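Novice: Which chain is which? The protein sequence lines are L and C, in order.
For the first sequence, my numbering begins at 1 and goes up steadily by one.
For the second sequence, my numbering begins at 1001 and goes up steadily by one.
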Amino acid sequence: MGNYIGQSVKRVEDKRFITGKGKYTDDLVLPAMTYAYIVRSPYAHAKINGVDISKAAAMDGVVKVYTGKDIADSGVGGVPCGWQVNFKNGETMKEPPHPILVANKVRHLGDGVAVVIAESIEIAKDAAELVEVDYDVLDSVAKVTDALKEGAPLVHEDVPGNVAFDWELGDKGATDAAMAGAHHVTTLDLVNQRVIPNAIEPRSAIGDFDGSKGKYTLYTSTQNPHLIRLLLSAFVLGLPEHKVHVVSYDVGGGFGSKIFHYIEEALVIWCSQRLGRPVKWTAERSESFMTDCHGRDHVTKAEMGFDSEGNVVGLRVKTLANLGAYLSTFAPAVPTYLYGTLLQGLYTTPAIHVDVTGVFSHTTAVDAYRGAGRPEATFLLERLMDTASRELNMDPTELRLKNFIPPFDGVEQEGYQTQVALQYDSGNYHGVLQKALDMIDYESLKKEQAEARSQGRLMGIGFSTYIEACGIAPSAVVGALGARAGLFESAQVRVQPTGKVSVYSGSHSHGQGHETTFAQVVADKFGIPLEDVEIVHGDSESVAFGMGTYGSRSLAVGGSAIVKSIEKVLEKGAKIAAHLLESTPEDLEYGEGKWTVKGTDKSIGFGDVSLTAYVPHNYPEGLEPGLDFSSFYDPANFTYPFGAHICVVEIDKETGKVEIKRFVACDDVGNVINPMIVDGQIHGGIAQGIGQALFEGAMYDEYGQLINGSYMDYTMPRADDLPMFEVDRQVTPCPHNPLGVKGAGEAGTIASTPAVVNAVMDALSPYGVKDLTMPLSPEKVWLAMQGEQ
Amino acid sequence: MNVPINVTVNGKSYSEEVSPRLLLVQFLRENLRLTGTHVGCDTSNCGACTILIDGKATKSCTLLAVQADGTEVKTIEGMSPDGNGTLHPLQEGFAEKHGLQCGFCTPGMIMAASDLLSHNSDPSESEIRHALEGNFCRCTGYHNIVKSIQYAAEKMKKEVSHG
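1) Under 9 Å between the Cβ atoms of N674 of chain L and C734 of chain L?
2) Given a threshold of 16 other Cβ atoms within 10 Å of its Cβ, counted over all protein chains shown, does K277 of chain L qualify as buried or as exposed?
3) Is it the case that the Cβ atoms of E541 of chain L and H245 of chain L are separated by a distance below 9 Å?
4) Applying a beta-carbon distance threshold of less than 7 Å, which residues of chain C neighbour H802 of chain L?
5) Roughly how many whole angstroms lie between the Cα atoms of E515 of chain L and S505 of chain L?
6) Alpha carbons only, please: which of L:G626, L:A152, L:K23 is nearest the one belonging to E13 of chain L?
7) Based on the DSSP secondary-structure assignment, which residues constitute the bridge partners of L458 of chain L?
8) Could you name the residues that DSSP lists as bridge partners for P1004 of chain C?
9) Is D679 of chain L helix, strand or coil when you go by DSSP?
10) Could you check what DSSP says for M394 of chain L in three-state terms: helix, strand or coil?
11) Show which residues of chain C have a CB atom less than 8 Å away from the CB atom of H510 of chain L.
12) Would T19 of chain L and L1087 of chain C qualify as a contact pair, given that the criterion is a beta-carbon distance under 9 Å?
13) Pull up the distance between the alpha-carbon of M1 of chain L and that of I562 of chain L, whole angstroms please.
14) Identify which residue in C:T1075, C:S1118, C:P1123 has its Cα closest to the Cα of V1007 of chain C.
15) What residues from chain C crowd round L327 of chain L, counting only those whose CB sits closer than 9 Å?
16) Comparing alpha-carbon positions, which option in L:G211, L:L267, L:L169, L:V191 lies nearest I71 of chain L?
17) Indicate the three-state DSSP secondary structure (helix, strand or coil) for M1 of chain L in the structure shown.
18) For the beta strand (DSSP E) containing M304 of chain L, name the first residue and the last one.
19) Quick one, which of L:C271, L:D189, L:K88 has its alpha-carbon nearest I38 of chain L's?
20) May I have a chain-ordered list of the alpha helix (DSSP H) segments no shorter than 4 residues that lie completely inside the stretch 174–243 of chain L?
21) Between C:S1015, C:V1146, C:A1095, which has its C-alpha nearest L1117 of chain C's C-alpha?
22) Determine, using beta carbons only, whether M724 of chain L comes closer than 9 Å to chain C.
23) Taking only runs of the alpha helix (DSSP H) that begin and end inside the stretch 71–147 of chain L, which ones reach a length of at least 4 residues, in chain order?
24) From the DSSP output, in three-state form, read off L487 of chain L for me.
25) Given a cut-off of 9 Å, decide if T92 of chain L and I206 of chain L are closer than it, judged by their beta-carbon atoms.
26) Buried or exposed for N1135 of chain C, going by 16 or more other Cβ atoms inside 10 Å?
27) Can you check whether the C-beta of G110 of chain L is within less than 9 Å of a C-beta belonging to chain C?
28) When you compare only the Cα positions, how much space is there between E702 of chain L and Y249 of chain L?
29) I need the DSSP call for C271 of chain L, collapsed to helix, strand or coil.
30) Would D136 of chain L be called buried (16 or more neighbouring beta carbons within 10 Å of its own) or exposed?
31) Between S204 of chain L and the rest of its own chain, which residues show a CB-CB distance below 6 Å, the 5 nearest in sequence each way excluded?
32) Quick test of your reading: H261 of chain L and V79 of chain L, contact by CB under 8 Å. State the CB separation rounded to the nearest angstrom.
33) Among residues of its own chain, excluding the 5 on either side of M439 of chain L, which ones have a beta-carbon nearer than 7 Å to its beta-carbon?
34) What number of angstroms, rounded off, separates the C-alpha of E287 of chain L from the C-alpha of D73 of chain L?
35) With 7 Å as the C-beta to C-beta threshold (strictly closer), list the residues of the stretch 696–730 of chain L near chain C in chain order.
36) Fully enclosed by the stretch 404–468 of chain L, which beta strand (DSSP E) runs are 3 residues long or longer?
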């Protein structure tokens, strides 16, 4: 521990946000800028017979109207998918085109048909009303189960049965045998409903083509500017990558939804290229609902087998995953490699088999949403565990403790090899559960519950113990699994002549506080004040390369890249210092901002060495001037955070309303650089997970209309829906990255949903209710109490 | 046809001609380039656009600029007590208690909380949560926002008793 690492340093980025000086994409106004408004399909599925733009194009102030046909005629295809999951029989994944604007057929509500570009957004909107699209409305399917029915309307004519891929993992024979021989099998038919990420900043993009330089600038609210640059250049528009500048200054929340390459990013560049003027598009909230990628949407049959002692003997899972109308950037990976591989959970289950079918429907594309696959896996396992404990008449904590993988540190003891391809890095699962039980005083809580029940009150206690995979990922491993990108990270550490340090990180912060956490690492490693370090991100011209932020990877992968560059700086610095001290690098030690000759008081400071590197008058022979290093870090493994969450609820018998009385979380995310920031990540994650459990869920009607596509209709947790959270941690360092960190961005969301649902089911146990489909609205809970599930 | 309005924003008076359909939030963001006030929805539900009109928290996306004629508007840019970079206790509270992550909802949260503290100097946790029910935050789970406002209330009480 140094001066900063491990301390709750206040965030350096806050000043601009609390004074209104944040720079979000929609805040930018460029000279001669035009405004784009997209004409979107009001139908889920329809053939386009024609688009008449004449009235719109003639309106005063309209610069241009383009249709899907214009884009197709320019030879531009669409946005690509970044992950390939082939069929079990080896057949290639079905990957229909995802056009920038649609020319012939719309496939989900909100599919873009035309774009109006005008001198103001008001004019663009007025003109959009005059664009006449002649549609033949076709039958559609929104639910995954409907999309798989015989004779269901096809989303893509060349994708039979609407199946994009099917996939399996684990030993089917061993699992079937284990289930057949089980003393008891707990079975649940689970729906992990579709949720909508709803970052509060709507997506926004500005395309700015400068013909005099042949240069394209895209300002966009993205989580990974360099990946967008790469996709725009290599796949979508065929732009020269060295002439493409992608800028993503402040981004108002992502939660996964801003990872992906969206059609609007390509559209504003394509339009700007033709008009020679900047083109800005900003989503209205209703567009966010219709076009930001959604999350989850699984229908699953899950069976867990136990022996007579309560040991888990097998797990069999069959999941139908709704992918929406098009394959978004990482969509195929989410219900497969980020889901099936996590079904070992924290348990020693000896036989596991998971079967997944990825299905198209006439809905918005589904992709990674905070947790991405791991919440679905955890929900399944933890619902099974609490349900089984009730069926086996065991305490849910006893059942878990009995089945936990024993502690291992990944150094003295090897990592844990699961039945589903992963090797866990380090873990102490008993530890986190025990600590959470102590935090909540479980023995007293049980008495309190018995007392409440005796008074006829519906109090419930729910558990969730989880593991997840972060720090995505070793490039060769994910490449073998179908990823079309490497998943390393890059960082440059530039020591300026005056000893101040600029760090250029390929990670991207959209609320995570990298500018503080990364600076804490750099300041401590160099032994310099935090104020002497500046973290630069989100600009493809400042930062050489990057893979961006998602999957709780920034510190584990991006931070490790920074550490590699720091080590290079210190190694070169030692050569310069040794020269100045008339010693050798081997005889020096570095600490508190200076190199000291071991066993002496002879030393030279970081600033003096930095200056010498740039004013190399008295300098080691043959050494290059300068003190500036870039590194790429490709992780050795995923990292595996884990933890235990406990939720206590009480249900109002009259209304069915669920009140969360307490929420306790003990998470182990490895070493912690900034406890305040980690706690904040956990809080926010818990809130989103509670949102899915109690409030949220996209609702499509039989016509494929998103009937709750606004904040008037889609319920998200508000301040008065939530309690204060009681969070604490255990620390089991990651053995394979230099900071020993695992990642904290998604843990809360992954863990909290099943804890809440389990608590509600526990509260409802006097009514014999085994399962209810999320969100657990007052109406649903009340009806269940009346025996009408 | 444009309509003349006179409005005071953050202590400075403006006489402008605006389109009758211009929303107040657009007037602030586009005409005055005060981009600290954000737009997060189109249904007055998210609260990212919350400002003070004559001291009362108001959603500026639901008001026309012409309706603000003759009023005194305060935005996040006007929260500094001396107008010179000193932080308001609420701004300080959000930084001290990690009441923000992405920062997008933060100006609206601060303005809503400012209204609350102007008529309730010692709010309970439940009163704070109730006062924020018009404002979404998707990052923090509200836990630290509540603490930030408690911090500010405490600090403002001390300032009053010392003042």
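Beta carbons: idealized from backbone N, C-alpha and C, even for Gly.
Please read all numbers here as calculations on a predicted model, not as lab measurements.
Specialist: According to the structure data:
1) no
2) Here residue 277 of chain L turns out to be Arg, not Lys, going by the sequence shown. It is buried - the Cβ of R277 of chain L has at least 16 other Cβ atoms within 10 Å.
3) yes
4) This structure leaves residue 802 of chain L out entirely; chain L is present only between 1 and 789.
5) 10 Å
6) L:K23
7) L:I651
8) C:E1017
9) helix
10) coil
11) C1102
12) yes
13) Note that M1 of chain L scores 49 on pLDDT, short of 50, meaning its location in the model is unreliable; the coordinates nonetheless yield the value given after this. Approximately 18 Å between the Cα atoms of the pair.
14) C:T1075
15) None at all; the shortest Cβ gap to chain C is about 26 Å.
16) L:L267
17) With a pLDDT of only 49 at M1 of chain L, under 50, the local geometry of the prediction cannot be trusted, and the value read off the model is given with reservation. Coil, per DSSP.
18) 295–306
19) L:C271
20) 225–231
21) C:V1146
22) yes
23) 121–128, 144–147
24) coil
25) no
26) buried
27) no
28) 40 Å
29) helix
30) exposed
31) T25, D26, S221, T282
32) 5 Å
33) V664, C666, E726, D728
34) 26 Å
35) S710, Y711, M712, M716, R718, A719, D720, L722, M724, F725
36) 458–467
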